[in-house]
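Read the structure below first, then the notes.
Number of protein chains: 2
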Amino acid sequence: MADVARHVGVSKMTVSRALAPGAAARRADTALRRQRVLDACEELGYVIDRTAGAFGTGRSGFIAVVIPTLNNSNFSETVQGLTAATEASGLQLLLGTTEYRATREEPLVRALLSRRPEGIVLTSGTHTPRTRAMLQAARIPVVETWELPRAPIDHVVGFSNAAASAAVVRHLHAQGRRRIAFIGGTSPLDPRGMDRRRGCERALKALGLPAAVVIDVGEPPISMAQGALGMAQLLELDKDIDAALCVSDPCAFGALSECQRRGIAVPQRLAIAGFGDFEVGRGCVPRLTTVAVDCAGIGRAAGELLLRAIASARGGRPLTPQKVVMPFQLMARDST
Amino acid sequence: MADVARHVGVSKMTVSRALAPGAAARRADTALRRQRVLDACEELGYVIDRTAGAFGTGRSGFIAVVIPTLNNSNFSETVQGLTAATEASGLQLLLGTTEYRATREEPLVRALLSRRPEGIVLTSGTHTPRTRAMLQAARIPVVETWELPRAPIDHVVGFSNAAASAAVVRHLHAQGRRRIAFIGGTSPLDPRGMDRRRGCERALKALGLPAAVVIDVGEPPISMAQGALGMAQLLELDKDIDAALCVSDPCAFGALSECQRRGIAVPQRLAIAGFGDFEVGRGCVPRLTTVAVDCAGIGRAAGELLLRAIASARGGRPLTPQKVVMPFQLMARDST
DNA sequence: CTGTTAGCGCTTTCAT
DNA sequence: ATGAAAGCGCTAACAG
């Protein structure tokens, strides 16, 4: 920066100000000088060092984000929504994935916090006590998403996975289905999947239907192949099953494909429903009944909330914990 | 850190050393003291501030990564491979997406470089002159991936998209197909897609087949819906078409589904091939012929190469530019 | 509007 | 093995 300043014939501070966000729209001569500074930066190949700026001001300009995996369009869309909501603010996302392993969250959160993010977004409402303690000690706004935790750490932007899958069960019931199975994981590593299963079981009970056959296809992430295997198991186990609710659309698509390979008519003989409104479920034949979650909307809402919370925190008084309940929508389509 | 030091009764330096990576395996009394430091950190809720450490040492501990979009499992797997290769080193990924917009690359690279990453991975070999200049001025190792650029900036880990799609065309020819179409984007925003189309066209010419009907379905990212539309257009345009090569598996899956909706038998009447070996192509019925790219392997190779290059750069003499050509594999399956 | 000064919290270096 | 001191490059605060 000193080099650039010398090159233009001004002080470092003038360069710093010219490069600061919102440095446009000044008096004409100042604007001209600013352009000279920018030109000099380009000529000298100088890019401002935010590493130093962040350290000096105590404001890192980072928002930390924890998601289970990148390889799931529900979560990547949430990240896209977060990016969209925050990019104008100059804050950058610092992304980390747990790959659905509970033991990874704590070191990941520690690694993220070591970069002194100004806020953090979690895709979960389930954490170890140490993780909670770390997050609380960090004294930054926290947003938990994709669930509605009973005891939120701070803010929440989520929905009830159980209520959503219950809605699917009621839809299946309304379509005349009576023997309804659940295919998915039953692992605490995926609390959202667990919630969906519980919602299914409760709804069946409430409707006076027999308890679901639950097919546990293993650990998350649940693949299409696991969905196919799950369907194969289900057909062994119960010949009279007439509907299967799957933990996610990829799982449901795998199950559907297995039916196609076996010549089982969907939805005539067997109805299949998924969860999450993934692209594959909109494109396949028959199209999958599912629950549409506004993934990008969760990201945007979390981002906007976090920006407000960060601004409040900078102003000295933290934003009182907010709880944003996002809508979900049953998408009744051809597979049921 | 001073608080922790006081709490344990040692100096800041002792705390710093206890918290440094590779601080394990010391003499017993030291190890004990180290444990006391760690306990104090937990008790006080202290997490080390890498913001200051990075600034002080001039080593940010970041690797910057630029990908077109998160919402594509090919790229997210590459990121997973990168993570796997680099996580033991203590370097963290700083991820940015261009969303396939050429104008976004330059500000994104600038934003990433402002965090002083120690290396950068790009998912592209096509850049504006200013972007190239910035990258060169940053004097850090650069790895371009997913292509084989003619004039690499530094290192390359990629493969020939054209050669890969040519292999698919030869496969279709060997299966007796003669009128072969290409469905995909023809936008410079997706140089890999363009390369695939060119490879297809050249292979047809080399085989003495008629030029491909090229269906341009618009800007990337190419969705399943666009693939379906593309197939609809293709069937309007040329009733005698007997094969369609799609720019990616999602596009091919959309095309396949459109055929299913129209009662067009795949592969009997029309063969369909995709690209990228996405999960959907392995799971659908019929399974899609495609080109398997080792996405995670590209990420791992890029990560390992970058670690070597960073180590060399720290040692003072940069690693001479490497070019790693990754294999691809034709996966002949049911759709052809 | 521009310039000067001080200081952010670590780690490197050097001394003990 | 531990401690003391210096310094990384920027920006907040204040002065001109």
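Just so you know, the protein sequences line up as chains D and R, in that order. Residue numbers for the first sequence follow this note's numbering, so the first one is 7 and each next one is one higher. Residue numbers for the second sequence follow this note's numbering, so the first one is 7 and each next one is one higher. Virtual Cβ for every residue (Gly too), placed ideally from N, Cα, C. All values reported here derive from a predicted model rather than from experimental measurement.
| Item | Value |
| --- | --- |
| Bridge-paired residues (DSSP) for R/E207 | Looking at the DSSP assignment, R/E207 forms no beta bridge with any residue, so it has no partner. |
| Beta-carbon gap between R/A91 and R/R306 smaller than 7 Å | yes |
| Cβ pair D/A187, D/I247 closer than 7 Å | yes |
| Residues of its chain near R/A173, where Cβ-Cβ distance is below 6 Å and the 5 sequence neighbours each way are ignored | L336 |
| Reduced DSSP secondary structure (H/G/I, E/B, other) of R/F334 | strand |
| Whether R/V72 touches R/L128 by CB criterion (7 Å) | yes |
| Option in D/A298, D/A238, D/V43 with minimal Cα separation from D/N80 | D/A298 |
| Counted within 10 angstroms of its Cβ, other Cβ atoms place R/G15 as buried (16 or more) or exposed | exposed |
| Cα-Cα separation between D/P2 and D/A212, rounded to whole angstroms | Within the shown structure, residues of chain D are numbered from 7 to 342, placing residue 2 of chain D beyond reach of any answer. |
| Extent of the continuous beta strand (DSSP E) to which R/L99 belongs | 98-103 |
| CB contact below 7 Å: R/T57 versus chain D | yes |
| Beta-carbon neighbours of D/V272, restricted to chain R and to distances below 8 Å | Here the premise fails: no neighbours, minimum Cβ distance about 11 Å. |
| D/T192 in three-state terms, based on DSSP | coil |
| Beta carbon of D/S229 nearer than 7 Å to that of D/G205 | no |
| Alpha carbon of D/D201 to alpha carbon of R/A218, nearest angstrom | 50 Å |
| Exposure of D/T103, with buried meaning 16 or more beta-carbon neighbours within 10 Å | buried |
| For R/L114, the nearest candidate out of D/L44, D/A60, D/L99 (CA to CA) | D/L99 |
| Local conformation of R/C47 per DSSP, three classes | helix |
| Spatial neighbours of R/L243 in its chain, beta-carbon cut-off 7 Å, leaving aside the 5 residues before and after | V219 |
| Below-7 Å beta-carbon distance, D/R122 vs any chain R residue | yes |
| Inter-residue CB distance, D/S254 and D/G280 (contact presumed, cutoff 8 Å) | 6 Å |
| Proximity test, Cβ basis, 7 Å: D/F61 and chain R | yes |
| Spatial neighbours of D/D340 in its chain, beta-carbon cut-off 6 Å, leaving aside the 5 residues before and after | P292, R293 |
| Contiguous alpha helix (DSSP H) assignments of at least 4 residues, all confined to the region 45-92 of chain R | 56-63, 79-92 |
| Close-in-space but distant-in-sequence residues of the same chain around D/R185 (CB under 6 Å, 5 per side omitted) | D246, I247, D248 |
| Own chain, CB closer than 8 Å to D/R56, minus 5 neighbours either side, in chain order | G67 |
| Residue burial classification, R/T296 (beta-carbon count within 10 angstroms, cutoff 16) | buried |
| CA-to-CA distance, R/V286 to R/V149, given in whole angstroms | 29 Å |
| DSSP-derived helix/strand/coil call for R/K245 | coil |
| Nearest-angstrom Cα separation, counted from D/C252 out to D/A338 | 14 Å |
| Cβ pair R/K18, R/V162 closer than 7 Å | no |
| R/M237 beta carbon less than 7 Å from that of R/A271 | no |
| DSSP beta-bridge partners of R/C257 | Paired residues: none, contrary to the question. |
| Test: D/R116 CB closer than 7 Å to a CB of chain R | yes |
| Expected contact under 8 Å - CB spacing of D/G199 and D/G191 to nearest Å | 5 Å |
| Backbone secondary structure at D/T36 - three-state DSSP | helix |
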